[in-house]
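*Asks:* One structure, pasted below without further comment.
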Amino acid sequence: MLLVQHIRDHYDQVLLGLNKRNLKNAATALQQVLDLDDLRKSAQTQRDQFQAEANTISKEIGTLMKEGKTAEATAVRDRSALLKTQIKELEEQHEQAEAELKALLYTLPNVPFTAVPAGKSAEDNEVVLSHGEIPSLGEGKLPHWELIKKYDIIDFDLGVKIAGAGFPVYKGKGARLQRALINFFLDQALAAGYVEVQPPILVNEDSGYGTGQLPDKEGQMYFANEDKLYLIPTAEVPITNLYRDVLVNTSDLPIKNVGYTPCFRREAGSWGAHVRGLNRLHQFDKVEIVQITHPDNSYATLEEMSAYVQGLLRQLELPYRVLRLCGGDMGFTSAMTYDMEVYSAAQERWLEVSSVSNFETYQANRLKLRFKGEDKKSQLAHTLNGSALALPRIVASILENNQDPDGIRMPKVLHPYLGFDRI
RNA sequence: AGAGAGUUGGGUGAGUGGCUGAAACCAACAGUUUGCUAAACUGUCGUACGGGUUAUACUGUACCGGGGGUUCGAAUCCCCCACUCUCUGCCA
263 MLLVQHIRDH YDQVLLGLNK RNLKNAATAL QQVLDLDDLR KSAQTQRDQF QAEANTISKE
323 IGTLMKEGKT AEATAVRDRS ALLKTQIKEL EEQHEQAEAE LKALLYTLPN VPFTAVPAGK
383 SAEDNEVVLS HGEIPSLGEG KLPHWELIKK YDIIDFDLGV KIAGAGFPVY KGKGARLQRA
443 LINFFLDQAL AAGYVEVQPP ILVNEDSGYG TGQLPDKEGQ MYFANEDKLY LIPTAEVPIT
503 NLYRDVLVNT SDLPIKNVGY TPCFRREAGS WGAHVRGLNR LHQFDKVEIV QITHPDNSYA
563 TLEEMSAYVQ GLLRQLELPY RVLRLCGGDM GFTSAMTYDM EVYSAAQERW LEVSSVSNFE
623 TYQANRLKLR FKGEDKKSQL AHTLNGSALA LPRIVASILE NNQDPDGIRM PKVLHPYLGF
683 DRI
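If you count the first sequence from 1, position 102 lands on 364 in the working numbering, and the numbers rise without skipping.
The following block contains the structure:
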């Protein structure tokens, strides 16, 4: 959520940023924010004055009663009653302005960082770099949804029986590959200084608001109605919310956490020709890295996290490219995002396997995640996160890129985790 | 799921409807002193939103799990909700 004070102080910059996102009526919305805030303030100032008077009167009455001056006390009481109705009126004004302001702020996305390119869709994203060679497979190359049947390692039909489309069943070497990747990713993160956490995979409403999935993406999360809990779409939600309502010391920063969780996404309305096989699932596994940093360091950290994720892809021997997302394609809460895509050689297309973002104070403001600076004033920290990595599309590209007539070659780094080197 | 108990500042923990933004202790921070360490002593020490100021100072209001009510006045009384703990039940 954007800070009103920030909008006030950097109006032009915020407006420019929101325009970069192609947000309609940005200027109107911002002006409305300021108006509502003014309204809120003036109502509060007046209410506080009346309340102060009422408080004084109450004390007077107490004294008068003690001294037995009942008649005088009753007289003062009338004034108090009048104040009370005025206070109530102003209170309502204040609450309404505040509620409207909050609702409006919830609809405003984060302001893109200056380095974010303008643009409307994925086509306008900027390719920052590419790495690795795109393998040229001969005739008879199979897409991963054929390979998994051929080698009987992932079964979608069984998943349909148990749950529905988009819930695969991993079997035999397929299951082992999942476990190997998870352990490999976790071990790498540990080596890079991340502290592992195993969070709940169902979260309450407050957590959903904390990281911005609510109210923006309400319909995209599975909801356990009986207990009012959401199944997490990403470990970002529970891990970042560990720090909701937390005031940390500057010396505690940066905080680095990594966690493996299954992720659940309803993906309502996003099924089509390009989502066969592992390309899009309702349930998938992901290892997520989260950092909480001092505002001065967050962009250096973003680069560090990007480099870290690229290191994983190199070790897995996958050709990849890094995109800097344009304003129109960036997530609602992000100030800048890098997407990492691997090349899937049978499908002959790039697949997004990681998204690394800096949210600046956007999440921290909702979370009330602050640190005490050297001037002993508390200020909002910056939050970042990234997939490191999401499994299904990694699996898809490993299977497709490494296929040969004799089977599928496994990346070297996984051999110790797998206990085999081919499928 | 049933019954009971509870929820107060960073922590522990007092608190008869006005003298309580809240005792005390601990922690933290600053300082004094004994050669250093330890100890002792003194002081500071919640958050949010306003007013005010170049910035301080100063100042108002709210907050004792959340919401509502009674009252001139609520941490304290009443109602609803959430959560935690204990026992019983169930269970990996």
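For each residue, glycine too, the CB sits at the ideal point set by N, CA and C.
Could you give the DSSP three-state label for M327: helix, strand or coil?
*Replies:* Looking at M327 - three-state DSSP - the assignment turns out to be helix.
*Asks:* For the ligand GDP, is there any heavy atom lying closer than 6 Å to the beta carbon of R527?
*Replies:* Because no ligand of any kind appears in the structure shown, any question about the ligand GDP cannot be addressed here.
*Asks:* For N559 and E566, I'd like the C-alpha separation in whole angstroms.
*Replies:* Taking the straight line from one Cα to the other gives about 10 Å.
*Asks:* What are the start and end residues of the alpha helix (DSSP H) that includes N487?
*Replies:* No alpha helix (DSSP H) holds N487; DSSP gives it neither H nor E.
*Asks:* Mind reading off the beta-carbon distance from Q625 to G474? Whole number of angstroms is fine, and I expect it under 8 Å.
*Replies:* At roughly 6 Å, the Cβ-Cβ gap stays under 8 Å, so Q625 and G474 are in contact.
*Asks:* Does the distance from the C-beta atom of Y582 to that of M602 stay below 7 Å?
*Replies:* Going by C-beta atoms, Y582 is nearer than 7 Å to M602.
*Asks:* One question on the structure: do P524 and Q545 come within less than 7 Å of each other, judged by their Cβ atoms?
*Replies:* Yes, Cβ-Cβ distance for P524 and Q545 is below 7 Å.
*Asks:* Is the beta carbon of S616 less than 7 Å from the beta carbon of G648?
*Replies:* Yes. Within cutoff.
*Asks:* Below 6 Å CB to CB, which residues in the same chain sit around A607 once its five sequence neighbours on both sides are set aside?
*Replies:* The residues are P397, L399, E662 and N663.
*Asks:* Indicate the three-state DSSP secondary structure (helix, strand or coil) for P524 in the structure shown.
*Replies:* P524: strand per DSSP, three-state reduction.
*Asks:* Identify, in the order they occur along the chain, each residue of the same chain with its Cβ nearer than 8 Å to the Cβ of Q641, setting aside the five sequence neighbours on each side.
*Replies:* The answer, listed in chain order, is P557, R632, F633 and G635.
*Asks:* One question on the structure: do G470 and L476 come within less than 7 Å of each other, judged by their Cβ atoms?
*Replies:* Yes. Within cutoff.
*Asks:* DSSP state of V457, grouped into three classes?
*Replies:* Strand, per DSSP.
*Asks:* How long is the line joining the alpha carbons of R586 and V389, rounded to whole angstroms?
*Replies:* Cα-Cα distance, rounded: 6 Å.
*Asks:* Identify whether M592 lies in helix, strand or coil by the three-state DSSP scheme.
*Replies:* Coil at M592, not helix or strand.
*Asks:* Pick from E351, F485, Y413 and N541: whose alpha carbon is nearest that of D668?
*Replies:* Per the Cα distances, Y413.
*Asks:* Go to I269, then tell me how far its beta strand (DSSP E) extends in each direction, as first and last residue.
*Replies:* Where I269 is concerned, there is no enclosing beta strand (DSSP E), although the alpha helix (DSSP H) it sits in stretches over V266 to D271.
*Asks:* When DSSP labels each residue in this structure, what does F375 get in the three-state scheme?
*Replies:* Three-state result, F375: coil.
*Asks:* In this structure, does DSSP put S383 in helix, strand or coil?
*Replies:* S383: coil per DSSP, three-state reduction.
*Asks:* For the stretch 355-365 against the stretch 313-333, are there 3 or more C-beta pairs whose distance is under 8 Å?
*Replies:* Because the criterion of three Cβ pairs below 8 Å is not met, the stretch 355-365 and the stretch 313-333 do not touch.
*Asks:* Touching or not, the stretch 537-544 and the stretch 588-595, by the rule of three or more beta carbon pairs under 8 Å?
*Replies:* Flag = no, the stretch 537-544 and the stretch 588-595 do not touch.
*Asks:* Since V675 sits in a beta bridge, which residues does DSSP pair it with?
*Replies:* In DSSP, V675 forms no bridge with anything.
*Asks:* Note down the Cα distance separating K346 from G455, rounded to an integer number of angstroms.
*Replies:* If you take the alpha carbons of K346 and G455, they lie about 58 Å apart.
*Asks:* Buried or exposed: where does F418 fall if 16 or more other Cβ atoms within 10 Å of its Cβ makes it buried?
*Replies:* Buried, since its Cβ has 16 or more Cβ neighbours within 10 Å.
*Asks:* Going by DSSP, what residues sit across from H644 in a beta bridge?
*Replies:* DSSP output for H644 lists T555 as bridge partner(s).
*Asks:* Using alpha carbons as the reference points, say which of Q440, K630 and D683 lies closest to R671.
*Replies:* For R671, the nearest C-alpha among the options comes from D683.
*Asks:* Apart from the five residues on each side of it in sequence, which residues of its chain come closer than 8 Å, Cβ to Cβ, to I349?
*Replies:* Excluding residues within five positions, the ones whose Cβ falls inside 8 Å are R309, F312, Q313 and A316.
*Asks:* Is it the case that the Cβ atoms of N503 and G472 are separated by a distance below 7 Å?
*Replies:* Yes.
*Asks:* Considering only DSSP beta bridges, list what I416 is partnered with.
*Replies:* DSSP, once it has assigned bridges, lists Y432 as partnering I416.
*Asks:* Taking the alpha carbon of Q293 as the point to measure from, which residue in R270, S304, E395 and A305 has its own alpha carbon closest?
*Replies:* Of R270, S304, E395 and A305, the residue nearest in Cα terms is R270.
*Asks:* Check whether the stretch 366-375 touches the stretch 276-285, taking contact to mean three or more Cβ pairs, one atom from each stretch, closer than 8 Å.
*Replies:* The answer is yes - the stretch 276-285 touches the stretch 366-375, with three or more Cβ pairs under 8 Å.
*Asks:* Cα separation between K331 and D340?
*Replies:* Distance between the alpha carbons of K331 and D340 is about 15 Å.
*Asks:* Considering just the uninterrupted stretch of the beta strand (DSSP E) at S616, what are its terminal residues?
*Replies:* Segment R611 to N620, the beta strand (DSSP E) holding S616.
*Asks:* Does DSSP classify L476 as helix, strand or coil?
*Replies:* Three-state DSSP puts L476 in coil, outside helix and strand.
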